Every structure is written in structure tokens, then in C-alpha cells.
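For reference, the structure discussed in these notes is given below.
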Amino acid sequence: MKKAVKGCSLLAGIVCIVGVLLYLGLRPGKTLFIPPSGQPMPRHVEYKMEASLAGLPARALTYEIRDANVTKQDVVALAEKLGMKGDVTYDPKSGIYTLKDGEKWLEVWKSGMWDYYDHRVWKNIDLQKKIPSDEEAVQKAREALHRLGINTEGFNVRVVAQTTGAFETERVVNKDVFFMRVINGIPVYGVSRVIVSVGHRGEIEAICKYYHEIEPGRTVKLKSIEEAFQEVKENRASSSIHPDAKTAVITKVTMGYWEDPGPSEKPVGIQPVWVFEGFSIVDGEKHTFDAFVPAGEGVRITDVPNPELVPILVEFR
Amino acid sequence: MRKRRLLIYWLILLITVSFTIPTDAFALKAGFDGISDYSHWWYPNCSYGDRAGAQYVNNLYNAIKSSFSLGFKYTDYDANESHLRTDSIVNSVQFYAFSGHGKSWTYENGAHFYARSTGECWHDSSMENYDSVNARTNEVRLGHSPGYCLWATFYSCHWLRNDGNTTKQQNIFKMFEGATLQMGFASVMYLDSREGTAYGNNLVGGDKIIDAFLKAARIYQKQRKDGDSITRVVGYTAAKDDTIRSYCPALPSSKWYKNAPSLYSVIVTEVIPHNGIPIP
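As C-alpha cells, then:
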């Protein structure tokens, strides 16, 4: 009997200690995965805030990922629009449908992301191609997306000439037109984009649709700029600051959104982030950088996507 | 007659045994160094911060293990820069991948480790440029015996950047002593361990090695406010269409870069741009 009482007391004690620890904040809090850069971070930087902080929002609407639940029929329909035929296979482990029609490959994620590559021409550096101007490339890309029913109205655009060779042998092999999503004038960073690869005389070599369909979620309170700035100072941000920076000036702070590509154990949705822009002077040269901090109140950055235990481990360090 | 029957029994037994003994299932071997912990609960920390390097190589290995035998996989405190200088390690496998911090100097780039190759499992902020924690492009040589490394991937910043400097580019090319392709970045990049799974799935799914790497980067490298991610593949130009099932074997010394520089090139450079501008 005594032993049983002792055992129960011990158990109760352990439960109490665990309860206190949880109360003290060792619970996994809300986290957002914004990958950090692979370059070194400076050990200590003296930051100076010169940005105007007027007019920054105190609350923001989040967006939920709409459940695309892609079916085999959806893949076949998309393939037809792309001029492809063939059998669709599905890999339940990765959640990806695949259709291969000769050198044309289509992969569709259950979440609604997809990419199409014509390997006959994409990254084929043996071909002599006549690559269109940036304006023509955008036009060709928009026409291709229009045929697929993808509306990029209001997206930001960037054209990048992709190359082979270096120095005097460098030449353009295709142009990638990046369409980047904007919500109510606020840019969505991360992977919220469609990429169209345009090659010889405007031929479409690849299309990658990496943004998800979304719907409005809930309005969340944002952490103060002071709190977010403190996180930048303590290296609890995803920053591209120069590794040898000793001092830095923040010139602009804006609110943006962040879209994660997945897959994740839980749907992440589109979350607000504070974006700090600034510069540092290293060896007399000016180096600009950005630093991203989750903007939602109580949301912290995590360094690997999603696993439930990671926030606890991060807290212990 | 009896002897003949005995011989047949022995043959049947031999054939059966040869099918049941576990063998080294794949012709190709993979090896990895991945660092997530640049810190230690007891020892001083590297000042650069933790990254998802170990998770990346774990994901990559899990995705390709149906096609590769595991040569080695060193993570965190077990990974050190001597692995990239030791033929019996890096050149014992055909497919090598590093993931962690990357550094860039005037004429060379480096893969940064937390453990020192002198034996300690840590380094502190005063040691960031020590040789014992950085494998430099000037000292890595890929493609030697015993296993003749063919393909190396550096999922880290800067490994293939040349800053417009031909000496720096040559120091990259000089790493090719039998190996054919190196995949990496010529800029700051962002570590997302899921990119390892995508890369591995592409390799096993039949993509060219180059395409497998580029396609994964197109998904996972981020658009930001400042700075593009620059993905790059460098190597023996004739190997550009290689897949893990059909590829150029390790090259004889007559075709190493130092003896045949015209056979090598920056095969592709692909920019993942930071934020765009509004469409007019």
C-alpha cells in the first residue's frame, strides 16, 4: 500500500513538473518556416533604424490554401490542354501524378502545384536558338497561360535570361518569365509564382505553376515592429546580410506575405511577414540585404519545415 | 552416375545460395556530409547559426536509396572537411552531396563544417576561416580511385561562384580529376531540406542529373526582396545528358581539366530571381 502511495506521489510530482514547464513556455508555439540563407551570418551587428514606420498595419488577413484534391481526370484534362497524351501514374508517397508523353513530362501535385517540361528543348544547349526579346517572351508566356486558363493579372513579372558557358563563351539558352503573385498590392514572397520558359522563336519549353489556390482566412494581430526588429537583431530572422557586416542601416520596413511550397504536415497557408530592407558597408562597398520575420503575433521562425518537435528543440538552445 | 547426381545437387545449391545471399545491391554508391548543428550544448558555437543540412542529406538519401547503396553518411559532429580531401571517403562513392554553410573568398570557395578535422567536434567564432573547418575548392579533387566520384552536389551558398574572375573559375574546374558534374550555387541560396527529396525523386524518376537538380531548385529556392539565387552546373560538357542509369564513366587523366581544359564548361546557369516588378 505504502509503495502504491509512493508511486502515485512520484507520478503526480512528475506531472506537476511537466505542467509547470509547459506553463513556462516550453510548449511548441506557432511557427513559420522561412528558410535561412546558406551563407554565414555575422556574429554581432549594430543596427540603425532609419525606415519610416508610419502607416504600417496592426492587423492582416491570412489566406488558407484551398483544398485542390487533384484527381487523375484533372491531370488528363490539363495534359490535353498542353497537347499531351499518355497514362497517368500516381505516387502516393510523394502525392504526385506523372504523365510522360515522349520527351514531354507533366507532374501534378495533389495540392494543385504542377510543372510541365519539354525535355526535347528545355536546357538543350546543343540547339541554336533564336531567343525573343523580353517583351516578346512575356507576351508568349501570357498567351500560353491564357490558353490554360491561368490569369496572371496583377502579378509582378521578371524576365531572366538563362545561360550556358561563362565569360566570353556565355550565351542565352532560354528566357524564364516569372509571374509573382500580389494580393491587394502586397507582394507574396516564397514560391508564389508561375514560371514560363520561352525558347526558340517563342516556343514554350516549360511551365511551372507553384502557387496554390487560396481563400481568405482570418484576420490576425501583428507583432510590433520593435518586437520584430529585436528578432532581426538576435538573428531570429531569415536574413541575407553580408557575413562581414559590423553595422547595418534599415531603410525600409514593409509587410509582405509568405507562401510555402509544401509538402507540409499541416497546411501552412499564406502568412504575413515583416520585411526589413537595408544595407551594410563592408570594405567600403555597399551591400543591400533583406531580413524576413513572421509578422503574426506569437509566431516565431523555425529552421526546418514543420516537424512538431522542432520548436521545442529550438527553445532549448 | 552417383557422382554426376551429386554434382547437379551442388550446382543447384550453389545457384540457390547465390540468389539468397544479400549482396551489394546497386552498382552506384552515394556518400553524404550534412550539417544542421553548428552549435553544441556544451562547447562554443560557430557564429553562423544552425541550418537544415543534415535534414537535406537525409531526405536526399531517402529519395535515392532505391537506386544507390550507402557508402557513408556523416552528419553534424561526425562530418568534417577532411572527408572532401580523402580519396577513401569522398572518392569511395560515385554520388556525393554536401549540405551546410558555404563561404566565398577572393579566389576560392568553401564548404563550412562545425567539427574540426583535427578531431574536436566544434569550433568557435575565432576559427571560422581555419583550414580545419573549411573544405576549399583549391584542395578538393574529385574522381580518383577507389570509387571514382562522378557527381558532386553542394547544397550550400557560393560553391560554384566565380565573381567574374577566371582564376576563381579555374580553381573550380581544377577539382575535376575524373569526376564529370558538379551541381551547386553561384550566390546566396536558401536551405529548404525538402529540396533534397525533390532532387532525389527527380534523379530516380529518370531525369538527367542536371535537370533533376535545376527542377528541384525551381520549386524551393525563394523569391525575396533582395538578391537572386543562382543555380549552376559545371563540368565535363559531354556528360550534360547523363542520368544515373546512363552516364560517362570516370575520366582518364588525359581528360582531367588540367590536361584537357576545353572539355569543361559552365554547362548551365539558372537564376531564380528575387521579387519582380508590377506588370505595366
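Sequence order for the protein chains is A and B.
The first sequence begins at 1161 in this note's numbering and counts up by one.
The second sequence begins at 90 in this note's numbering and counts up by one.
The beta carbon of each residue, even a glycine, is placed where N, CA and C say it ideally should be.
Here the structure is a predicted model, which means the values were calculated and not measured.
Going by DSSP, what residues sit across from A/T1258 in a beta bridge? Among the bridge pairs identified by DSSP, A/T1258 is matched with A/T1249 and A/E1267.
Quick check on B/L280 - is its C-beta less than 9 Å from some C-beta in chain A? yes
Would you mind sorting B/G120 into buried or exposed? The rule is 16 or more other CB atoms within 10 Å of its CB. buried
Return helix, strand or coil for B/M216, following the three-state DSSP convention. helix
If you follow the beta strand (DSSP E) that A/Q1288 is part of, which residue opens it and which one closes it? Counting along the chain, A/Q1288 falls outside any beta strand (DSSP E), and DSSP gives it neither H nor E.
Indicate whether at least one CB of chain B lies closer than 9 Å to the CB of A/P1465. yes
Check whether the stretch 1193–1209 of chain A and the stretch 1397–1407 of chain A are in contact - that is, three or more C-beta pairs closer than 8 Å. yes
Within chain B, the residues that A/E1437 reaches when beta carbons sit closer than 8 Å: K314 and D315
Measure the alpha-carbon distance for A/A1211 versus A/V1409 and round it to whole angstroms. 9 Å
So, is A/Q1233 buried or exposed, given that buried needs 16 or more other C-beta atoms within 10 angstroms? exposed
When you compare only the Cα positions, how much space is there between A/T1201 and B/H190? The sequence shown places Met at residue 1201 of chain A, not Thr. Approximately 10 Å, taken between the alpha carbons.
Three or more beta-carbon pairs under 8 Å between the stretch 228–243 of chain B and the stretch 256–270 of chain B, yes or no? yes
Beta carbon proximity, B/Q271 to chain A, threshold 9 Å: Proximity of B/Q271 to chain A, defined by a Cβ-Cβ separation below 9 Å, is not satisfied.
Below-9 Å beta-carbon distance, A/R1203 vs any chain B residue: yes
Meets three-Cβ-pair contact criterion under 8 Å: the stretch 197–212 of chain B and the stretch 128–137 of chain B: yes
Excluding the five sequence neighbours on either side, which residues of its own chain have a C-beta within less than 7 Å of the C-beta of A/L1182, listed in chain order? With a pLDDT of only 48 at A/L1182, under 50, the local geometry of the prediction cannot be trusted, and no value is derived from it.
As assigned by DSSP and simplified to three states, the class of A/K1376: According to the sequence shown, residue 1376 of chain A is Pro rather than Lys. The answer is strand: DSSP assigns A/P1376 an E or B state.
Three-state secondary structure (DSSP) at A/E1240? helix
Of all the options A/A1397, A/A1321 and A/L1305, which has the alpha carbon lying nearest to the alpha carbon of A/P1196? A/A1397
Can you check which of these residues, B/S193, B/A204 and B/C238, is closest to B/K118 by C-alpha distance? B/C238
Identify the contact partners of A/N1316 in chain B, using a Cβ-Cβ distance below 8 Å as the criterion. N364, G365, I366, P367 and I368
If you reduce the DSSP assignment to three classes, tell me which class A/E1328 lands in. helix
Are the C-beta of B/H247 and some C-beta of chain A separated by less than 9 Å? So yes, B/H247 belongs to the interface.
Counting contacts by CB-CB distance shorter than 9 Å, is A/H1279 in contact with chain B? For A/H1279, a Cβ of chain B is located within less than 9 Å of the residue's own Cβ.
Ends of the beta strand (DSSP E) at A/G1438? Q1431 to V1442
Is there a C-beta anywhere in chain B that falls below 9 Å from the one on A/T1448? yes
Below-9 Å beta-carbon distance, A/D1443 vs any chain B residue: Residue-level contact check: A/D1443 does not touch chain B, since none of the beta carbons of chain B fall below 9 Å from its beta carbon.
Any C-beta of chain A within less than 9 Å: which residues of the stretch 186–213 of chain B qualify? S188, G189, H190, G191, K192, S193 and H201
Please compile the residues from chain E whose C-beta is within a distance smaller than 7 Å of the C-beta of A/P1347. Judged by its chain identifiers, the structure shown contains no chain E, and its protein chains are A and B.
Let me know the secondary structure DSSP gives B/K311 once reduced to three states. coil
Could you check what DSSP says for B/F302 in three-state terms: helix, strand or coil? helix
So, does the CB of B/G325 fall closer than 9 Å to a CB anywhere in chain A? As written in the sequence, residue 325 of chain B is Tyr, which differs from the Gly given in the question. No, no contact with chain A.
Member of A/V1354, A/K1412, A/T1379 and A/L1266 whose CA lies at the smallest distance from the CA of A/H1279: Closest option to A/H1279, Cα to Cα, is A/L1266.
I want to see whether chain A comes within less than 9 Å of B/T358, judged by CB atoms only; does it? yes
Taking beta-carbon pairs under 9 Å, can you tell me which members of the stretch 1323–1341 of chain A lie near chain B? T1323, T1324, G1325, A1326, F1327, T1329, E1330, V1333, D1336, F1338, F1339 and M1340
Could you tell me which chain B residues have their CB closer than 7 Å to the CB of A/R1353, listed as they occur along the chain? Q312
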